[in-house]
Structures are given as C-alpha cells and as structure tokens.
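Enquirer: Below is the structure I would like to discuss, written out as structure tokens.
Protein chains: 2
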Amino acid sequence: MTEWHRLKKDALPANVTADDVAAAANVSRWTVNRAFKKDASISPKTREKVMQAANELGYLPDLRAAALASDRSHLVALLVDDFANPHKLVMLERLTRALRSRGWDTLLVNTLNRDDAAPAIANASQRRVDATILIGIQFDDEVLRAAHTARRFKKLIIFARTSENPDTISIAVDDEAATSEITQYVMERGYERPLYLAGPRTVSAHLKRKETFLALWQKHLNTTPESVSVPAYDANLAADAVTITLSERPKAELPDIIVCENDALALGTIDAIRHRLGLRVPNDIAVIGFDDVPQAESPNYRLTTYRQPLTDMANYLVDVLENVETSDLDRTFCGRLVVRDSA
Amino acid sequence: MTEWHRLKKDALPANVTADDVAAAANVSRWTVNRAFKKDASISPKTREKVMQAANELGYLPDLRAAALASDRSHLVALLVDDFANPHKLVMLERLTRALRSRGWDTLLVNTLNRDDAAPAIANASQRRVDATILIGIQFDDEVLRAAHTARRFKKLIIFARTSENPDTISIAVDDEAATSEITQYVMERGYERPLYLAGPRTVSAHLKRKETFLALWQKHLNTTPESVSVPAYDANLAADAVTITLSERPKAELPDIIVCENDALALGTIDAIRHRLGLRVPNDIAVIGFDDVPQAESPNYRLTTYRQPLTDMANYLVDVLENVETSDLDRTFCGRLVVRDSA
DNA sequence: TTGTACGCGTTATCAC
DNA sequence: GTGATAACGCGTACAA
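Chains Z and C, in that order, are what the protein sequence lines are.
For the first sequence, position 159 matches number 159 in the UniProt record's numbering, and the numbering has no gaps at all.
For the second sequence, position 304 matches number 304 in the UniProt record's numbering, and the numbering has no gaps at all.
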C-alpha cells in the first residue's frame, strides 16, 4: 500500500467545522475563530491549543461562510476579452501574483463576446466580489452602466487603460507622458514619415496614445502623420493591415517608421515588413511598440518599446482594494522607454 | 445630469434578497427561488410575476449563500505556475470559455513558486471549489498529497498532462500517438540527426513525448538521439540552451532537426538558430514543435507543430465536472500534425 | 403548484 | 480573554 493510499484511507470527513475543532480543543466555537484571525484578542496558549486541534482534524475556515457573514469576500473578478494579445498573459501573472500574495483571490471571467460583457459583470456580482477589474477593450459606457445596475461590488477598476467615468477607478500608465517620450525619441532619431498603427477605438476606457502622437507631431512639424487602425490587438491583423496598406506603394512613399499602439501590433508589423514586403527593420522601416512583452527582447525582434511598471500598478491596485475610499483613487504611472534595435 | 448620474442616483440598495422580491410579488420566498431555477415546478404565470418583481428590484441570487446551502459552488480553481509559455494564454481562453458558457466560474490561482503549490491548493479548498484543475508543471506527488490532505473539492483534474495517480483525473492529448506521428514525419522527411529539446522533468504529471521519441528512434534506427533539457518552458531559456549546446560545434556534427517538446521551446530555438548560430531554418536545421500557438503561423516562424484539440478537451472537462462519478474519467485525445515550413 | 422549518459555517456585537 | 445571540441569504425535505 502506497503512502498515498494510506492517506486516502485515513482521510477525515470533509466537513470539519469550527464546532468540531471547538469540541476537540475544549473551547467555544468563537475562540476557534479568533485563533484563525490576525490580531484577535486571544491568549497565545489557547491559540496554540486550538491550532493543534485544527491541524489534527484538518480544519480550515470556510471562506464562503465568512464572506456571507462579513460581506467581504477578498475576491475580485477580472474581466478579460482580449486573449490575442500576449501582454494579457503578463498582466494576468502580475495581477494574480500581487493579489494572491496579499490575500486576494481572483475570479477570471472570459467576456465571451461583445454582448457578454454585461452578463459577465452580472455574474461576478452574483459571486459578491469585492471589486471588478476590467482589463479588456470592449468596455464602453453601456457596459459600465450594466456594471452599475448589477451593483453589488464596491469598486469598479479599469486597469491599464484610462477612463474619465466618475464611478470608475482607473489605474494606468500616463499615456500622454509615455507617448511624448516616444514621440521625442522618434523625432530625435530623425524619422520623418511615421505611420501610426492603432488598435480598436473604444468609447469610455481608452488609450490616449494615438491622439497624443498625432497632436505632438502636428505641433512640432506641422503635418499630420498617416494612421491605420485594426479592430483588435492581434499580430496577424496587424501584419495584414500593414501589408495591405504598404505593399503597392512606391518606395519613396513608404513610412520610415511605424509607431504601434502596443507590442502585439508591433510584432505583427515587423513580420509583415520582413516577410511580406521583403524589407528590413529598422533599415527600411523602423518599428516601435508599447508594453515590452517577453517576445520584444527575443533576438528576432529586438523591439524598441515602452515598459509599463506593471508590478507597481498591480500593487497599487491591491492598495486600492484595501482602502475603504471609493473615489479619487485614480492614478497614473510612469514607465520607461526600452531602446533595442527595431527603432 | 448625464444618464449615468441619474442611474447612480436612482440606484436601489445593494442588498435585495429573495425575501424582498417575494414581498413585492406577493409570493413566498421559496417561490422566488423556483423562478430562478431551471425545470422547477412553477407555473409560467407566477414565474413571470416573480421575474418582473426581481427585475424592478434588481435582484440576482447570491451565489455565496447558494453554494453554502447546497455544497455545490459551480466554481473551479485553475492552478497555473507557468506563465512564460504563451500556450497558457490559449489554454486559459479555451478553458474559461467552455466553463463559463456552461455556467461554471473560474478561480485563477497563480502558484507563486514551488513551495506555494500546497498553500494554493489549500486556499482553493477554503473557497470550497467543486474541482481543482492543474495546468502547470510543478505538481508532483507531494503536491497531490497536499491536495488530498486539504480535501474539500470532489475532483482533482490534471489538464493537458498525463498522470497515473489514481486519485486524479487526467485530460490530455495522447502523447504516444502524437509523438509517433511526429517521429514518423521526421523519419519520412529524411532527417537523420535529431536533437530532442525537452522541458523540465516532473514526477507525477508529465508528458511522454521525449521518452517516446527516443524509444521510437532507437527502435527504428538503432541509435539514441541526443537530448537537452531546460528548466522551464521559456523561449529565452530554449534559445540559450540551443546556443550553448551548438555554437562551438563543427557543422558536420550539428543536428539536422531539433524536435521540441512544445512551441515555446521551438520558437526560442528558431530564434537561436537564425540569430545566434547564423543558420537557416529549415535548410540548415529544421525545427518542429508542439501545441500550435498563435505565433506558430506567423510568417516569421511558419512552425511545423502538433495541434491539440483544446476545445474538445475543455468541453470534456466540463462534462467531467457535470458527472457525478470521480473515477475512470481519464481520457486522452488525438490532435493532428500541422505542417508548415520549419520542418 | 406552493409554503414551512431547519441547516449551511461563518462574523458582528454584546455580555461576562 | 472568552462565551453567547443573532444575523448573512439561500437550499433541502417535506408538508399542505
């Protein structure tokens, strides 16, 4: 008989409650509770006794019941609708790491399609999460209104994206400062004919990158750069868009740099320049991205990009969760330009 | 005043319960319950009346209380420890899609480090999830034993990885069949000096790819191919390993194909071959992967790889959840080789 | 088809 | 520092 099977056999019943522990430790159920609570007024000796009994019985507090009774679940819902962007995986890692290491659990909700955003939010509210975090793209005012109607969570946080909605807490990088830094770099390096490649336009939770870039260029050089949009942050879509836009174009009219709203687009752009247009990066066309995804530093791409301070942002998000306030919690962060070889 | 603000102002109290709806609809609380339950014996008229009252009050059942009372949460924990592998993002999307579209919610648990696996499982058990799904790599027998000690969930599922552990349900691709198909393809294309690039060796939940490949090669050609391992499924690690292994080697002794345990390794391998060794793919060294991540079809990689039927696997996982049984639910699936240009 | 005790396992609050 | 009472919001089982 393996050790595993012995364990299986000796397994105690699954439904050990605080009452059982209380009986075993000869204390009241409430004392058991205190033993599991930080800074509770309980003598070290009793706590020790309780913990030992709990260990023997395999007792762990039931978080469902705790949430029901206290109306705080230490649970957040994370709504995502944009799994084509590799940066999402990084964000998921950073957010779940910050949350979990500080005692918060994460409900990952895949917003299946555009019409599913509102039901997804309603669903989260039925779990009585303490906050709902939006890290997708298709959240417009309509969705935020749905969130509000299905009000049940105290906080609605928009992460890595800016929102002016007053009932929302936005934690994001300062797009204007970042884009300003990028623009300055592009100008200093002497690029003259940029093409801006943007993602989908959203109504309420957006990035201010494209408009800032165009405005700055206009201001300093008095011309408005060309720009193209794709309907999702997807490298393949970006590659197609770049190919279609530039393939028939005479060399002299090609852009000398493509400024991309994020790395997902930038990576596709590099692929298209090399393998569809048959040109070199950065010699023929340079490329600059945003996010600094892991791929960006691969020897194949060596992408110049802007890195967001995701860890700081995630930690601030937990600060917000632990704060009782609900308003004036918006905050922007500054990242830094990571210069590699693509521009 | 915007519509948003009006809604805010008119918002009803957040704590609407079934009792409130019952009062408003002039029925008992239990009738309200039935209205929200599928195939409950309730007259359409009453249900309609209840639903209307519920809508007006903004009532939605509290899933915490439901789980507490029924001991079924329709919630699963998804434990992940391997965020460097882009395939994880695809798996997360497919799993959450299948789960959510069939009424299941997902707790995403980031297993922060090796020692955190057991606490992570314990934490999931405190949420009283109906099942725990492991999609990482660092789950050995010790961890599974911890899972068992913190028993509270009915099912422990290992997804996309094989386990012989009797208390575990394993849903995976048939590695032997898949590797056999790959091996046959490699032989048919006339490759003679393969190098096998594997990921970390795990104890209980493993892939049978490397051993199968080596055994088949041995059987048919009577030689054992060289193999190399990296400690994580990370493209950068793979690139480094390939570089170190091959950079000083005379051309004649280089492998003519590198067979990778998955795409994460394969993409890094291609990068290293091109940019560090200065060779061509597939002309000098061919590469073959496993998973068919989105990157694999980019014009830059055109990776020949093996695609798992992830959607079918995810749907089967939900079947398993909805099944009352616990044993004999293991199942393997067959995928297909996707031939592109890299091999 | 509809209504009624009771229990699920905690927490908040107050009494000792 | 410790024990006790009353919720928290719903499900189950059974009765009407």
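We put the CB at the ideal spot given by N, CA and C, even for glycine.
Within the 8 Å Cβ cut-off, does residue 101 of chain C reach chain Z?
Expert: True, the Cβ-Cβ gap to chain Z drops below 8 Å.
Enquirer: Could you tell me the alpha carbon to alpha carbon distance between residue 24 of chain C and residue 47 of chain C, rounded to whole angstroms?
Expert: About 13 Å.
Enquirer: Which residue or residues does DSSP assign as beta-bridge partners of residue 301 of chain Z?
Expert: In the DSSP output, where bridge partners are listed per residue, residue 301 of chain Z has none listed.
Enquirer: Can you pull out the residues from the segment 118-133 of chain C whose beta carbon lies closer than 8 Å to at least one beta carbon of chain Z?
Expert: Within the segment 118-133 of chain C, the residues whose Cβ lies closer than 8 Å to some Cβ of chain Z are 120, 122, 123, 125, 126, 127, 128, listed in chain order.
Enquirer: Need the endpoints of the beta strand (DSSP E) that residue 196 of chain Z sits in, please.
Expert: Residues 194-198.
Enquirer: Just confirm the distance between the C-beta atoms of residue 227 of chain C and residue 195 of chain C, as a whole number of angstroms; I'd bet it's less than 8 Å.
Expert: That pair is a contact at about 7 Å.
Enquirer: Spatial neighbours of residue 209 of chain C within its chain, please: C-beta separation below 6 Å, excluding the five flanking residues on both sides.
Expert: Cβ within range, chain order: 175, 179, 261.
Enquirer: Quick one: which chain Z residues come within Cβ less than 9 Å of residue 109 of chain C?
Expert: Within 9 Å Cβ-Cβ: 96, 100, 105, 106.
Enquirer: At a CB-CB cut-off below 8 Å, which residues of chain C make contact with residue 88 of chain Z?
Expert: Near residue 88 of chain Z (Cβ distances below 8 Å), the residues of chain C are 89.
Enquirer: Which residues of the segment 221-239 of chain C have a Cβ closer than 9 Å to any Cβ of chain Z? Give them in chain order.
Expert: Hits within the stretch, in order: 234, 235, 236, 239.
Enquirer: Using a Cβ cut-off of 8 Å (strictly closer), state whether residue 164 of chain C contacts chain Z.
Expert: It does not; no Cβ of chain Z falls within 8 Å.
Enquirer: So what does residue 307 of chain Z bridge to, in DSSP terms?
Expert: Z/336.
Enquirer: Assuming residue 68 of chain Z and residue 64 of chain C are in contact, meaning their beta carbons sit under 8 Å apart, how far apart are those beta carbons, in whole angstroms?
Expert: The Cβ separation is near 5 Å, so the contact holds.
Enquirer: First and last residue of the alpha helix (DSSP H) that includes residue 273 of chain Z?
Expert: Looking at the DSSP string, the run of the alpha helix (DSSP H) that includes residue 273 of chain Z is 263-275.
Enquirer: Can you check whether the C-beta of residue 61 of chain C is within less than 8 Å of a C-beta belonging to chain Z?
Expert: Residue 61 of chain C counts as touching chain Z.
Enquirer: Is any beta-carbon of chain Z found at less than 8 Å from that of residue 72 of chain C?
Expert: Judged by the 8 Å Cβ criterion, residue 72 of chain C is not in contact with chain Z.
Enquirer: Helix or strand or just coil, what does DSSP make of residue 36 of chain Z?
Expert: Residue 36 of chain Z falls in the coil class under three-state DSSP.
Enquirer: Skipping 5 residues on each side, what residues in its chain have a beta carbon closer than 8 Å to that of residue 186 of chain Z?
Expert: Cβ neighbours of residue 186 of chain Z beyond the five flanking positions: 194, 257, 259, 288, 343.
Enquirer: So which residues of chain C does residue 247 of chain Z contact, with C-beta pairs closer than 9 Å?
Expert: Those do not exist, as residue 247 of chain Z stays about 13 Å from chain C at its closest Cβ, beyond 9 Å.
Enquirer: Our contact map puts residue 263 of chain C next to residue 303 of chain C with C-beta atoms below 8 Å; I'd like the distance itself, whole angstroms only.
Expert: Rounded, the Cβ-Cβ distance is 6 Å, consistent with contact.
Enquirer: Determine the extent of the alpha helix (DSSP H) in which residue 281 of chain Z is found, giving its start and end residues.
Expert: Premise fails: residue 281 of chain Z is in no alpha helix (DSSP H) and is neither H nor E.
Enquirer: Within a Cβ cutoff of 6 Å, which residues of the same chain sit near residue 341 of chain Z, ignoring the five residues on either side of it in sequence?
Expert: Closer than 6 Å at the Cβ level, and outside the excluded window around residue 341 of chain Z, lie 302.
Enquirer: Is there a Cβ from chain Z that is less than 8 Å from the Cβ of residue 84 of chain C?
Expert: Yes, because at least one Cβ of chain Z sits closer than 8 Å to the Cβ of residue 84 of chain C.
Enquirer: List the residues of chain C that residue 271 of chain Z touches, going by C-beta distances under 8 Å, in chain order.
Expert: Those within 8 Å of residue 271 of chain Z in chain C are 298, 299, 300.
Enquirer: Contact criterion: CB-CB distance below 8 Å. Does residue 7 of chain Z meet it with respect to chain C?
Expert: For residue 7 of chain Z, the predicted model reports a pLDDT of 32, less than 50, meaning its position is unreliable and no value from the coordinates is stated.
Enquirer: Note down the Cα distance separating residue 57 of chain Z from residue 16 of chain Z, rounded to an integer number of angstroms.
Expert: Whole-angstrom Cα-Cα distance: 7 Å.
Enquirer: Taking only runs that begin and end inside the segment 204-241 of chain C, name each unbroken beta strand (DSSP E) of 3 or more residues, in chain order.
Expert: With a minimum length of 3 residues, the continuous beta strand (DSSP E) runs that stay inside the segment 204-241 of chain C are 226-229.
Enquirer: Nearest chain Z C-beta to residue 200 of chain C closer than 8 Å, yes or no?
Expert: By this cut-off, residue 200 of chain C is not an interface position.
Enquirer: With a 10 Å radius around its C-beta and 16 neighbouring C-beta atoms as the bar for buried, classify residue 88 of chain C as buried or exposed.
Expert: That one is buried.
Enquirer: Taking the alpha helix (DSSP H) that residue 180 of chain Z falls in, what are its first and last residues?
Expert: Looking at the DSSP string, the run of the alpha helix (DSSP H) that includes residue 180 of chain Z is 175-188.
Enquirer: Below 8 Å, how does it come out for the segment 314-323 of chain C and the segment 94-108 of chain C: are there three or more Cβ pairs, yes or no?
Expert: With the cut-off at 8 Å, the segment 314-323 of chain C and the segment 94-108 of chain C touch.
Enquirer: Please list the partners that residue 93 of chain C has in chain Z, where partner means a Cβ-to-Cβ separation under 8 Å.
Expert: Those are 83, 110, listed as they occur along chain Z.
Enquirer: Roughly how far, in whole angstroms, is the beta-carbon of residue 106 of chain Z from the beta-carbon of residue 112 of chain C, given that I think they are within contact range, below 8 Å?
Expert: Not a contact, Cβ separation roughly 13 Å.
Enquirer: Report the partner residues of residue 110 of chain C according to the DSSP bridge assignment.
Expert: In DSSP, residue 110 of chain C forms a bridge with C/80.
Enquirer: Which residues of chain Z have a Cβ atom closer than 7 Å to the Cβ of residue 275 of chain C, listed in chain order?
Expert: Simply 299, 300.
Enquirer: So with Cβ pairs under 8 Å, would you call residue 303 of chain C a contact of chain Z?
Expert: Not one chain Z Cβ lies under 8 Å of residue 303 of chain C.
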